[in-house]
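S.K.: Supplied in structure tokens, the structure appears directly below.
Residue numbers (the numbering used here): 5 to 147.
Here it is as structure tokens:
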């Protein structure tokens, strides 16, 4: 009778319940996970479920920060913008009256910073890949 701490008789399965052959090197689910240097630079191999989560949220965060950044730049350049009017009203109500050129400079800096932050989040999100992704390109003779 096997002891409970040995897993020799238990076959690994993926998240769908399909068996994974441990001795099949071509099965992408057998690829080890973790950071490594790939053909396009540093990448992190993760399970498919985590990959989907990273891609969705990094793309969503990038789109939101791009939108906020362009809205702030629009508020800096358009003197009758709703966002600019709201910011001026809020600043005046708390007693911070800024000159128009100072406010424009602050809004432009905040807008460009937001766009750069979104770009960084998107680029970092593209460094992830699921197990087995990119295998066909690495093995092909295309160059």
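For each residue, glycine too, the CB sits at the ideal point set by N, CA and C.
Which residues mark the beginning and the end of the alpha helix (DSSP H) in which residue 109 is found?
M.R.: That run of the alpha helix (DSSP H) goes 104-129.
S.K.: Give me, in chain order, the residues of the same chain whose beta-carbon lies closer than 7 angstroms to that of residue 112; leave out the 5 immediate sequence neighbours on both sides.
M.R.: Answer for residue 112: 77 and 80, listed in chain order.
S.K.: Residue 134 and residue 55 look like a contact to me (Cβ under 8 angstroms); what is the Cβ gap, rounded to whole Å?
M.R.: Yes, they are in contact, since the Cβ atoms of residue 134 and residue 55 sit about 4 angstroms apart, within 8 angstroms.
S.K.: Which residue's Cα is closest to the Cα of residue 72: 82, 137 and 115?
M.R.: Checked all of 82, 137 and 115; the closest Cα to residue 72 is 115.
S.K.: Taking 8 angstroms as the cut-off, decide whether the C-beta atoms of residue 53 and residue 131 are in contact.
M.R.: Cβ atoms of residue 53 and residue 131: not closer than 8 angstroms.
S.K.: Helix, strand or coil for residue 68 per DSSP?
M.R.: Reduced to three states, the DSSP call for residue 68 is helix.
S.K.: Looking only at DSSP bridge pairs, what is residue 132 linked to?
M.R.: Note: residue 132 sits in a beta bridge opposite 48.
S.K.: Mind checking residue 128: buried by the 16 CB within 10 Å criterion, or exposed?
M.R.: Classification of residue 128: exposed, given that the 10 Å Cβ count is below 16.
S.K.: Could you tell me the alpha carbon to alpha carbon distance between residue 93 and residue 51, rounded to whole angstroms?
M.R.: Those two C-alpha atoms are separated by around 49 angstroms.
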